[in-house]
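Asker:
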Amino acid sequence: MANPVPFRLFEEECFRLLRASLGELAEEAREVVERTLTRGLEVPPSKEMGELAFPCFELARAMGKRPKELADELALKIASMDRKYVGRVEPAGSGYVNFYANHFELARELFKAVVELGPDYGLVKVDRPLKIIVEHTSGNPVHPLTIGTARNAVIGDSLASLLRARGHVVETHFYVNDVGLQVMIAAYGYSKVRDRLGGGRGKPDHVVGLVYPMTNAIVEISELRKRIESAQDDEARRELMKELDEWVGIAYELRSRDPELFDHLLDRMKEDGDPRAAISKLNRDYEEGAREAVKAVRELCSAVIEGFRQTLSRMRIEFDEWDWESELTVWSGATEEAIERIRDLAPWALDTSQGALVLDVDAVASALGLKEKWGLANKEIPKLTLKRADGTTLYTTRDIAYALWKLRRADKVINVIGAEQSMAQLQLRVALALLGVKDVESRYLHYAYELVKLPGAKMSSRRGRYVALDDLLNEAVGRVKLEVEKRGWRLSEEEKEEIAEVVGVGAVRYALLNVTASKPITFDWEQVVNFERNSFPFINYTYVRALGILRKSDFEPTADVDTTKLVHEYERELVIQMAKYPKLFVEAADGLRPEVLTGFLNQISEVFNSYYEKVNVIREKDEEARRARLMLVYSLKIVMESCAKALNFKLAQRM
RNA sequence: GGGCCCGUAGCUCAGCCAGGAUAGAGCAACGGCCUUCGGAGCCGGAGGUCGGGGGUUCAAAUCCCCCCGGGCCCGCCA
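Numbering (the working numbering), first residue to last: 288 to 942.
1. Please classify I891: does DSSP put it in a helix, a strand, or coil?
2. Looking at V457 and L468, is the spacing between their C-beta atoms short of 7 Å?
3. Output needed for V574: all residues of its chain with C-beta closer than 6 Å, excluding positions within five of it in sequence on either side, in chain order.
4. Compute the distance between the beta-carbons of R375 and Y387, then report whether it is under 7 Å.
5. Going by beta-carbon coordinates alone, are E396 and P291 separated by less than 7 Å?
6. Under three-state DSSP, which class holds G835?
7. At a cut of 8 Å, does the segment 904-914 reach the segment 814-824 through at least three beta carbon pairs?
8. For the pair the segment 789-806 and the segment 424-441, tell me if three or more CB-CB distances fall below 8 Å.
9. Are the segment 650-667 and the segment 579-591 touching, with three or more C-beta to C-beta distances below 8 Å?
10. Can you tell me where the alpha helix (DSSP H) holding L715 begins and where it ends?
11. State the Cα-Cα distance for the pair S333 and P491, rounded to the nearest angstrom.
12. What are the start and end residues of the beta strand (DSSP E) that includes G705?
13. Secondary structure at R395, three-state DSSP: helix, strand or coil?
14. Please return the same chain residues whose Cβ sits closer than 8 Å to the Cβ of E772, not counting the five positions on each side in sequence.
15. Figure out for me which residue from Y899, A787 and R914 has the closest Cα to the Cα of M601.
16. Expressed to the nearest angstrom, what Euclidean distance is found between the alpha-carbon atoms of F391 and P378?
17. Give the secondary structure of K937 by DSSP, where H, G and I count as helix, E and B as strand, and everything else as coil.
18. Do you know offhand how far E356's Cα is from K852's?
19. Quick one: residues in its chain with C-beta nearer than 8 Å to the C-beta of S805, no 5 flanking neighbours on either side, listed in chain order?
20. Tell me the start and end of each unbroken alpha helix (DSSP H) in the segment 725-773 that is at least 4 residues and wholly inside, in chain order.
21. Count the other C-beta atoms from every protein chain shown that fall within 10 angstroms of the C-beta of Y682, then say buried if there are 16 or more, exposed otherwise.
22. From R544 to G486, what does the alpha carbon distance come to, in whole angstroms?
23. Is it true that the CB of V421 sits closer than 7 Å to the CB of Y499?
24. Assuming G751 and L497 are in contact, meaning their beta carbons sit under 8 Å apart, how far apart are those beta carbons, in whole angstroms?
25. Within the same chain, show all residues whose beta-carbon is closer than 7 Å to that of N935, passing over the 5 residues directly before and after it, in chain order.
26. Are V401 and R453 touching if we call contact CB-CB under 7 Å?
27. Taking the alpha-carbon positions, what's the F944 to K725 distance?
28. Is the segment 880-900 close to the segment 828-837, with three or more CB pairs under 8 Å?
29. So which of P416, Y408 and F606 has the shortest CA-CA distance to A931?
Shown next as structure tokens:
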């Protein structure tokens with residue numbers, strides 16, 4: 288059996304050597320030794336300084352020695368000790384002991400593991416798998432998926448994929464927000480024009496993305512006109528007129544995008560007399576589950592979701608479950624139930640004096656000792672309105688019911704939600720703790736991400752202003768296509784199409800994933816389709832180069848090669864990086880940091896491209912060296928496939 | 001006013017949670033390799049008060065405090 292984490296052999300040997308050498312030297316400072324060792328060894332700043340380093344400063348202090356002196360002694364002692372994976376050991380700097388890996392031995396281990404495990408190499412499984420729900424994307428069904436939800440989708444899908452690769456049982460959920468005024472406006476408008484939507488108007492979600500703002504604009508305008516008529520003074524009238532002007536402008540622009548549709552919608556809404564009242568009625572009816580209302584709203588949602596599915600499947604994203612907010616939180620009575628339990632558990636934290644039902648979240652957090660526990664000591668958490676004066680519920684309240692539903696089905700729940708909802712998510716977690724959920728902080732996660740900003744584009748779905756993910760994908764694929772056309776003379780038209788699709792989609796996924804979620808992304812077309820380093824096309828190209836070598840050499844993977852032929856510095860570096868990869872995977876999966884792996888893919892691609900330039904594999908005369916190199920290239924192929932699998936990237940086989 | 005996040009090379013970002021050696025990449029600009037396993041490539045030089053100031057430490061981009069700048073949030077919206 289091969290060791291699934293080759294680098295660990297080296298690491299453990301470093302520890303063994305250190306312990307043995309310190310045992311004699313530092314008997315009196317055993318405690319400090321243990322403390323320093325449990326903190327682990329360090330990775331030196333440059334590869335010329337070895338793979339791992341032991342800083343002697345703290346220990347030297349405890350022993351009354353100079354760090355440099357101690358480092359010299361240790362290095363000397365270790366140099367005479369028996370070892371396998373550790374090569375050179377040298378004192379360095381002002382008090383470090385640097386360990387250099389014996390990469391010939393590491394290569395042997397790496398090759399064994401790669402041959403044995405194939406593309407599962409590196410995907411180290413947890414001892415105790417958890418059932419994990421990852422809820423992500425969950426875009427409102429009133430317009431197509433946008434560039435913002437795209438980041439959510441890519442993060443969520445990659446996390447799910449990463450956790451599956453780690454051995455957890457993962458279920459992905461899409462929360463369909465089919466309750467609330469926004470959706471009712473869209474459903475109302477959609478019901479008025481659905482007889483006119485056949486043919487030529489494009490994807491259903493894009494149609495709704497137009498019908499919704501049109502409906503909204505018409506409602507806004509008619510409401511503003513009413514308010515202007517009954518305005519008290521000239522000042523107020525002027526303000527309203529200004530607002531009206533703006534909406535008329537928006538309506539004009541929306542109409543220009545499909546005059547026939549707009550006019551039809553306007554006519555039908557006029558017949559209705561009071562659209563706002565009709566929408567309010569639809570809202571109440573829907574929450575009560577009235578048949579006509581359900582039919583109208585579900586028709587809209589189904590149409591939009593069908594559009595979502597098409598976009599998402601292009602991105603290789605699928606969901607295990609589609610959770611309807613209406614069903615899980617309203618019709619089931621779960622929200623009412625949760626509110627009743629809160630009433631029983633914390634009547635002292637509730638306030639009804641203004642008509643609505645308001646929860647003093649801060650008081651609850653204090654009473655449960657959460658402020659201390661969650662590090663919120665000096666923070667005041669705002670109050671949360673659970674119910675409107677008219678008795679209807681609010682989004683966060685319904686989310687409590689949904690959270691409980693998810694928690695009943697999984698050990699851990701990860702929710703990918705924009706950072707702007709951090710406060711609401713905190714309020715939600717306090718409410719969950721109140722309702723008796725144990726270990727909320729580790730079981731119910733808000734995976735926050737910052738928004739994607741597009742220079743010059745102001746997003747506002749109510750005004751019909753958004754950048755659709757479909758357009759982003761088309762643009763990326765189109766640009767890749769141009770590049771493929773330029774150099775792919777050996778490829779058929781069909782192959783070119785397919786390559787452009789795979790690489791273009793990968794480019795978008797990579798660009799959205801590569802930046803740490805807590806940082807906002809400023810995004811322009813140039814960057815998505817920057818095909819040089821640190822991009823998916825660059826990585827995929829590297830992979831294709833490796834495949835090219837293997838294809839032309841008829842290589843049968845075997846660990847039975849002479850690794851001592853791998854003497855080039857780039858060969859050493861490739862071996863070490865690939866031997867470390869399993870550790871990196873674990874770090875990425877357990878730390879929920881997919882960007883660690885995109886970074887790794889880019890880095891190893893850089894090294895391989897340098898290697899490719901400097902060393903020829905196929906035409907190597909020394910047969911043993913040639914075989915060792917081929918195995919190295921094969922390992923790279925496997926590692927890249929493993930990494931792609933972990934992140935759910937598809938790699939093109941040719942470019 | 002309060003809370004959260006961000007501030008590292010001209011630009012886009014790693015590194016910060018678990019403090020260590022000359023702070024790393026890429027893009028752009030500049031100078032080479034004119035293409036041999038497909039150049040979507042490779043090599044090179046240049047570019048930095050790690051937003052500012054204090055503190056803790058043998059050691060601070062990293063931890064603590066204050067300040068400055070930007071984003072988001074503080075609704076009977078979602």
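We put the CB at the ideal spot given by N, CA and C, even for glycine.
Answerer: Concretely, from the data shown:
1. Residue state, collapsed to three classes: helix.
2. In terms of Cβ geometry, L468 and V457 do not form a close pair [threshold 7 Å].
3. Looking at the sequence shown, residue 574 is not Val but Glu. The residues are V617.
4. For R375 and Y387, yes; Cβs fall inside 7 Å.
5. Their beta carbons are not under 7 Å apart, which means E396 does not touch P291 by this criterion.
6. Helix, per DSSP.
7. Contact fails between the segment 904-914 and the segment 814-824, because fewer than three Cβ pairs, one in each stretch, are under 8 Å apart.
8. They touch, by the three-pair rule.
9. Short answer: they don't touch.
10. Unbroken alpha helix (DSSP H) run through L715: S709 to L721.
11. Taking the straight line from one Cα to the other gives about 54 Å.
12. K699 to G705 is the span of the beta strand (DSSP E), which, as asked, contains G705.
13. In the three-state scheme derived from DSSP, where H, G and I count as helix and E and B as strand, R395 is classed as helix.
14. The answer, listed in chain order, is K783.
15. According to the sequence displayed, residue 601 carries Arg and not Met. Looking at the Cα atoms, A787 is the closest of the given residues.
16. Cα-Cα distance, rounded: 22 Å.
17. DSSP places K937 in coil when its eight states are reduced to three.
18. For E356 and K852, the distance between alpha carbons rounds to 37 Å.
19. These residues qualify, in order along the chain: A706, A735, Y736 and E737.
20. Here the runs fully enclosed are 727-730.
21. That one is exposed.
22. Cα-Cα distance, rounded: 16 Å.
23. With respect to V421, Y499 sits apart: the two C-beta atoms are not nearer than 7 Å.
24. Sure, about 6 Å apart at Cβ, within 8 Å.
25. Within the same chain, N935 has close Cβ partners D444, S445, S448 and R603.
26. Here V401 is not near R453, since their CB atoms are 7 Å or more apart.
27. As shown, the chain starts at 288 and ends at 942. That puts residue 944 outside it, with no answer to give.
28. The segment 828-837 and the segment 880-900 touch, with three or more beta-carbon pairs separated by less than 8 Å.
29. Among P416, Y408 and F606, the Cα nearest to that of A931 is on Y408.
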